[in-house]
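Working notes for the structure below.
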Amino acid sequence: MRPHADREDRPTRTAHPTRTAPTADAVRHNGRSRPRPWRRARTVTAAAAAVLSVCGLLTAGTSGAGAATRPAAAHAADNPYERGPDPTEASIEAPRGPYAVAEKSVSALEATGFGGGTIHYPTSTAEGTFGAVAIAPGYTALQSSVAWLGPRLASQGFVVITIDTHTTVDQPASRGDQLLAALDHLTRRDSVRSRVDSGRLGVMGHSMGGGGSLEAAKDRPSLQAAIPLTGWNLDKTWSEVRVPTMLIGADGDTIAPVATHSQPFYESLPSTLDRAYLELNDAGHFTPNAPDTTIAKYSVSWLKRFIDNDTRYEQFLCPLPRPSRTIDEYRGNCPHTS
Numbered sequence: 009m010r011p012h013a014d015r016e017d018r019p020t021r022t023a024h025p026t027r028t029a030p031t032a033d034a035v036r037h038n039g040r041s042r043p044r045p046w047r048r049a050r051t052v053t054a055a056a057a058a059v060l061s062v063c064g065l066l067t068a069g070t071s072g073a074g075a076a077t078r079p080a081a082a083h084a085a086d087n088p089y090e091r092g093p094d095p096t097e098a099s100i101e102a103p104r105g106p107y108a109v110a111e112k113s114v115s116a117l118e119a120t121g122f123g124g125g126t127i128h129y130p131t132s133t134a135e136g137t138f139g140a141v142a143i144a145p146g147y148t149a150l151q152s153s154v155a156w157l158g159p160r161l162a163s164q165g166f167v168v169i170t171i172d173t174h175t176t177v178d179q180p181a182s183r184g185d186q187l188l189a190a191l192d193h194l195t196r197r198d199s200v201r202s203r204v205d206s207g208r209l210g211v212m213g214h215s216m217g218g219g220g221s222l223e224a225a226k227d228r229p230s231l232q233a234a235i236p237l238t239g240w241n242l243d244k245t246w247s248e249v250r251v252p253t254m255l256i257g258a259d260g261d262t263i264a265p266v267a268t269h270s271q272p273f274y275e276s277l278p279s280t281l282d283r284a285y286l287e288l289n290d291a292g293h294f295t296p297n298a299p300d301t302t303i304a305k306y307s308v309s310w311l312k313r314f315i316d317n318d319t320r321y322e323q324f325l326c327p328l329p330r331p332s333r334t335i336d337e338y339r340g341n342c343p344h345t346s
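When we follow my numbering, the leftmost residue of the sequence shown carries the number 9, and every step to the right adds one.
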């Protein structure tokens, strides 16, 4: 399937089923009836679901109207890692965020433990340091396949390095090691290191790079967030992971089918972990290789929520997002506990 261009969420034409409680794994696109043996049925009354949804909003504290009316300065006083203005649906879906961004290259000769890359970072240091994210490409691919994520995430307030691997056929475990080496480069050796908070780091990756992001999360539990994008890995069990993880799969993926990759990855994560599973609707394995509004929106929200501990973004994750033309289903735990 060809990569999608940026897509806007539009309401489905059919009515959605009654939502389950926020702690349940909810929502599937109504136009489909694929059997999913991994999905457990839930029976919750509408009244109970409403009560739990309200509780989730109250626990989030800054979601919804509260986030819109509370001054940004008050948020910053509560959490010194919050960066940027109060978010809106429009701001996290926009191709660029509030920060001007600069770019620099890391040659293979400069890199230690990975194949080089490109760094995008906010030009302003007025708010202090930023969290950082390393992103790996998939099997046989170069960093150019995930390059769109660099400026997009950096403009929302992150230092981002998209990497090349030693060889294009490196396996997920090697890609995980290289993601960690790239983060070490950002925090220890690169000239941008003074802009990076070494305690606020995350990983992403596409395909085998996504499988590598799971490997990195397993090996370095001090990471704050992981987002595999249509991830591929022969290892299906990730009970060792302690890093808040969002799995993004695609309903039409024939290379890393969700039934044998993203779904079991999600199911194997500890139930006590902050975790989410987002399945893109009408999408394929290579959808993450082109700018995509849905991927960007929820990646930004997840990274902000867990790398920056910015609860202003909880409103985009809890209550669980409903199905749409671009979301086939979404599962997760609400409210988040990290």
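Think of the CB as a built atom: it goes at the ideal place given N, C-alpha and C, for glycine as much as any other residue.
The structure displayed is predicted, hence computed values, not measured ones.
Beta-carbon proximity of residue i to residue j, cut-off 8 angstroms
i      : j      : result
His128 : Pro159 : yes
Leu222 : Trp246 : yes
Leu325 : Phe166 : no
Pro299 : Pro103 : yes
Gly210 : Val114 : no
Tyr89  : Asp318 : yes
Pro130 : Ala162 : yes
Pro236 : Leu255 : yes
Glu111 : Thr133 : no
Leu281 : Asp336 : no
His344 : Arg313 : yes
Nearest-angstrom beta carbon gap, residue j and residue i [assumed within contact, 8 angstroms]
i      : j      : result
His214 : Gly146 : 5 angstroms
Thr238 : Thr173 : Contact flag wrong, Cβ pair sits at about 17 angstroms.
Close Cβ partners of residue i (< 6 angstroms) along its chain, the five nearest in sequence each way excluded
i      : result
Glu101 : Thr301 and Lys305
Ala144 : Ile171, Arg183, Leu187, Gly213, Gly217 and Gly220
Arg18  : The pLDDT assigned to Arg18 is 34, lower than 50, so where the model puts this residue is not dependable; a value taken from the coordinates is nonetheless given after this. Answer for Arg18: Arg333, listed in chain order.
Ser153 : Pro145 and Asn297
Tyr274 : Leu255 and Tyr285
Gly105 : Ser163 and Gln164
Arg208 : Gly139, Gln232 and Ile315
Leu157 : Ile143
Ile263 : His293
Own chain residues within Cβ distance below 7 angstroms of residue i, not counting five before or after
i      : result
Gly292 : Met9, Ala258, Gly260 and Asp261
Ala225 : Val211, Leu231, Ala234, Val249, Val251 and Thr253
Arg91  : Glu135, Phe138, Gly165 and Asp316
Ala181 : Glu223
Ser206 : Thr195
Ser276 : Lys244, Thr245, Trp246 and Ser247
Ala190 : Phe122, Gly125, Ala142, Ile169 and Ile171
Ser309 : Ile100, Tyr321, Phe324 and Leu325
Val204 : Thr137, Phe138, Ala140, Val167, Leu194 and Thr195
Gln151 : Gly125, Thr126, Pro145, Thr170, Ile171 and Asp172
Buried or exposed by the 16-neighbour rule on C-beta atoms within 10 Å, applied to residue i
i      : result
Gly124 : buried
Asp198 : buried
Asp86  : exposed
Glu350 : What is shown of the chain runs 9 to 346, which leaves residue 350 out entirely.
Arg283 : buried
Val177 : exposed
Pro229 : exposed
Arg196 : exposed
Thr148 : exposed
Ser307 : buried
Ser352 : This structure leaves residue 352 out entirely; the chain is present only between 9 and 346.
Ala119 : buried
Ala116 : exposed
Leu242 : exposed
Leu328 : buried
Ser346 : exposed
Chain C contact for residue i (CB, 8 angstroms cutoff)
i      : result
His344 : Absent from the structure is chain C; it holds one protein chain and no more.
Neighbourhood of residue i by C-beta distance below 8 angstroms, restricted to the same chain and skipping five residues each side
i      : result
Val266 : Gly257, Ala258, Asp259 and Glu287
Ile303 : Leu237, Ile256, Leu288, Thr295 and Pro296
Val200 : Lys112, Ile127, Tyr129, Val167 and Leu194
**Request:** Run through the region 123-166 for me and flag every whole beta strand (DSSP E) of 3 or more residues, listed as ranges in chain order.
**Result:** 125-130 and 138-144
### Query
What are the start and end residues of each continuous beta strand (DSSP E) run of 3 or more residues lying completely inside the region 263-336, in chain order?
283-288
Checklist entry - Which full runs of the beta strand (DSSP E) of 3+ residues lie inside the region 180-230, going along the chain? => result 204-214
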